[in-house]
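K.L.:
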Amino acid sequence: MINGPHIDFLSKLPYELATYILHFVDMHNLAKVALISRTWNQFAKDNEVWKSVFLHQKRWKIKIPPQQTKPLNWKMLCHDRKKLEERWTSVPSKTKLVGHTDSVYCVQFDDNKIITGSRDQTIKIWDIHTLQCIYTLRGHSQSVLCLQFNDKVMVSGSSDNSIIVWDMETRQPIRRLQGHTAGVLDVCFDDNYIVSCSKDTTIRIWDFHTGNLIRTLTGHRGPVNAVQLHKDQVVSASGDGMVKLWSVTTGQCVRDFIGHERGLACVQFDGETIVSGSNDKTIRIWEAATGRCRRVLTGHDGLVRTLHFDQNRIVSGSYDYSIKIWDMTTGEVTLDLKNGHTSWVFDVQFSARRIISTSQDRSIVVWDFAPSGIEDIDVRLFL
Numbered sequence: 001m002i003n004g005p006h007i008d009f010l011s012k013l014p015y016e017l018a019t020y021i022l023h024f025v026d027m028h029n030l031a032k033v034a035l036i037s038r039t040w041n042q043f044a045k046d047n048e049v050w051k052s053v054f055l056h057q058k059r060w061k062i063k064i065p066p067q068q069t070k071p072l073n074w075k076m077l078c079h080d081r082k083k084l085e086e087r088w089t090s091v092p093s094k095t096k097l098v099g100h101t102d103s104v105y106c107v108q109f110d111d112n113k114i115i116t117g118s119r120d121q122t123i124k125i126w127d128i129h130t131l132q133c134i135y136t137l138r139g140h141s142q143s144v145l146c147l148q149f150n151d152k153v154m155v156s157g158s159s160d161n162s163i164i165v166w167d168m169e170t171r172q173p174i175r176r177l178q179g180h181t182a183g184v185l186d187v188c189f190d191d192n193y194i195v196s197c198s199k200d201t202t203i204r205i206w207d208f209h210t211g212n213l214i215r216t217l218t219g220h221r222g223p224v225n226a227v228q229l230h231k232d233q234v235v236s237a238s239g240d241g242m243v244k245l246w247s248v249t250t251g252q253c254v255r256d257f258i259g260h261e262r263g264l265a266c267v268q269f270d271g272e273t274i275v276s277g278s279n280d281k282t283i284r285i286w287e288a289a290t291g292r293c294r295r296v297l298t299g300h301d302g303l304v305r306t307l308h309f310d311q312n313r314i315v316s317g318s319y320d321y322s323i324k325i326w327d328m329t330t331g332e333v334t335l336d337l338k339n340g341h342t343s344w345v346f347d348v349q350f351s352a353r354r355i356i357s358t359s360q361d362r363s364i365v366v367w368d369f370a371p372s373g374i375e376d377i378d379v380r381l382f383l
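Rendered as structure tokens:
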């Protein structure tokens with residue numbers, strides 16, 4: 001150890017350079033920096049420093065309204081987001097939405113609305129703030145099994161073998177895609193493609209803009225229950241027990257992922273990681289580039305029907321009626337929600353604040369980790 005006078009190098013730098021250096025300090029250590037001296041405390045309070053802290057958190061996302069003119073308080077946003085994260089280990093508030101007259105198969109939501117599809121052949125749009133149904137859409141002649149939407153369009157798939165593309169502004173069908181010879185079990189889309197999969201064992205890739213069929217992918221030996229599109233790749237999960245990675249451009253299967261002992265019900269893919277759920281009651285985490293299974297998660301007592309993940313957690317729903325939250329790194333269950341549904345859980349989606357689940361019991365449950373009655377945290381901008 002070298003003894004001698006300590007040099008306060010940060011205080012000798014121009015303000016802009018000193019605060020720039022603190023852009024690389026994490027939230028925990030920034031609090032320590034603030035205690036060193038009055039000068040360092042001022043540096044550590046800089047709003048741009050806290051903005052950098054927030055934006056360097058990979059799982060923290062924020063939506064800044066276009067009309068926002070007043071500068072955001074990034075330090076407060078960091079502390080509120082951290083509080084929200086800590087709440088994911090305790091049971092959230094629960095609100096049940098009732099309106100469908102049969103099983104609710106699918107759900108997606110954003111910061112304004114929840115959209116659900118049901119065996120009652122309808123799609124319902126709910127206000128996420130009031131939790132009231134505001135629109136009911138009819139177009140399919142059998143169960144609505146799957147859907148995805150953005151600000152402009154929604155795509156839905158049904159047991160009637162068809163896919164409908166809807167205009168989100170008018171809530172009217174734009175076109176109907178026909179081609180599958182059995183029920184459409186999952187759909188997804190981006191700016192170029194619509195991808196669908198079916199009980200007929202095929203995956204179909206459609207032109208997003210025209211609705212024309214581009215190609216049909218064959219190779220599964222059972223119903224294809226789930227698909228996920230990421231850029232030029234599609235991942236599929238089938239009742240044949242296989243996860244497959246496909247090239248959209250060539251239509252060829254790039255890789256098989258072997259390990260599940262029974263048929264698969266769900267899959268998610270972010271470009272690097274694949275997470276799959278199966279009738280063998282397990283969840284598997286895979287490396288997309290190599291096919292290696294990184295981890296097997298056990299804990300459900302029934303088919304893992306649905307899952308959704310980000311970089312730090314997985315939320316899964318099962319035929320054991322439960323919803324489990326898993327730590328992506330350790331594979332441990334951090335929260336087990338058992339009292340939401342009285343039958344099979346069909347779908348789960350989550351954001352920074354909420355989990356929304358659907359079930360055979362005809363209900364939608366909104367699990368809220370920051371309900372409006374709690375005033376110590378502002379979550380309006382968090383995604």
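Going by the UniProt record's numbering, the sequence shown opens with residue 1, and the numbers climb by one from there. Note that beta-carbon positions come from the ideal geometry of N, C-alpha and C, so glycine has one too. Remember, predicted model here, so these are calculated numbers, not experimental data.
Give the secondary structure of residue 27 by DSSP, where H, G and I count as helix, E and B as strand, and everything else as coil.
P.N.:
helix
K.L.:
Helix, strand or coil: how does DSSP classify residue 375 here?
P.N.:
Per-residue confidence for residue 375 stands at a pLDDT of 48, beneath the threshold of 50, marking its modelled position as unreliable; the derived number appears in the next sentence. In the structure shown, residue 375 sits in coil (DSSP, three-state: anything other than H, G, I, E or B).
K.L.:
Roughly how many angstroms separate the alpha carbons of residue 23 and residue 71, rounded to a whole number?
P.N.:
18 Å
K.L.:
To the nearest angstrom, report how far apart residue 350 and residue 308 are at their CA atoms.
P.N.:
7 Å
K.L.:
What span of residues does the beta strand (DSSP E) with residue 110 cover, start to end?
P.N.:
Secondary structure note for residue 110: it is in no beta strand (DSSP E), with a DSSP letter that is neither H nor E.
K.L.:
Using 10 angstroms around the beta-carbon of residue 223, count the other beta-carbons present and answer buried if the total reaches 16, otherwise exposed.
P.N.:
Residue environment: residue 223 is assigned as buried (16 or more neighbouring CB atoms within 10 Å of its CB, all protein chains considered).
K.L.:
In its own chain, which residues sit with a C-beta less than 6 Å from the C-beta of residue 263, not counting the 5 before and 5 after it?
P.N.:
239, 241, 279
K.L.:
Would you tell me roughly how many angstroms separate the C-alpha atoms of residue 91 and residue 236, rounded to the nearest one?
P.N.:
33 Å
K.L.:
How many whole angstroms separate the CB atoms of residue 324 and residue 299, which I take to be in contact at a CB cut-off of 8 Å?
P.N.:
So it is a contact: roughly 6 Å between Cβ atoms.
K.L.:
Per DSSP, which residues does residue 149 bridge with? Please list them.
P.N.:
Partner(s): 154.
K.L.:
Which residue or residues does DSSP assign as beta-bridge partners of residue 228?
P.N.:
235
K.L.:
Can you give the Cα-Cα distance for residue 142 and residue 163, rounded to whole angstroms?
P.N.:
In this structure, the straight-line span from the alpha carbon of residue 142 to that of residue 163 is close to 12 Å.
K.L.:
From what residue to what residue does the alpha helix (DSSP H) around residue 45 run?
P.N.:
38-45
K.L.:
Just mark residue 340 as buried or exposed, buried being the case when its beta carbon has 16 or more other beta carbons within 10 Å.
P.N.:
Residue environment: residue 340 is assigned as buried (16 or more neighbouring CB atoms within 10 Å of its CB, all protein chains considered).
K.L.:
Identify the continuous alpha helix (DSSP H) that holds residue 74 and give its terminal residues.
P.N.:
For residue 74, the uninterrupted alpha helix (DSSP H) segment begins and ends at 74-86.
K.L.:
Tell me the DSSP bridge mates of residue 350?
P.N.:
355
K.L.:
Under the three-state reduction of DSSP, which class applies to residue 19: helix, strand or coil?
P.N.:
helix
K.L.:
Verify whether the separation of the beta carbon atoms of residue 101 and residue 362 is less than 8 Å.
P.N.:
yes
K.L.:
Per DSSP, residue 118 forms a beta bridge with which residues?
P.N.:
104
K.L.:
Whose CA, out of 246, 26, 203, 105, lies closest to the CA of residue 180?
P.N.:
Of the candidates 246, 26, 203, 105, the residue whose Cα lies closest to the Cα of residue 180 is 203.
K.L.:
Quick check on this structure: which residue in 106, 89, 73 has the alpha carbon closest to the alpha carbon of residue 360?
P.N.:
106
K.L.:
Please report the straight-line C-alpha distance between residue 208 and residue 218, rounded to a whole angstrom.
P.N.:
20 Å
K.L.:
Whole angstroms are fine: how far does the CA of residue 19 sit from the CA of residue 314?
P.N.:
Taking the straight line from one Cα to the other gives about 36 Å.
K.L.:
Could you pull out every residue in the same chain whose Cβ sits closer than 8 Å to the Cβ of residue 295, ignoring the five residues on either side in sequence?
P.N.:
Cβ neighbours of residue 295 beyond the five flanking positions: 284, 285, 331.
K.L.:
Have a look at 65, 74, 275 and flag the residue whose alpha-carbon is nearest the alpha-carbon of residue 57.
P.N.:
74
K.L.:
Taking Cβ to Cβ, would you say residue 270 is nearer than 8 Å to residue 230?
P.N.:
yes
K.L.:
Within 10 Å of its beta-carbon, does residue 355 have 16 or more other beta-carbons around it, so buried, or fewer, so exposed?
P.N.:
buried
K.L.:
Any idea which residues DSSP pairs residue 207 with across the strands?
P.N.:
193
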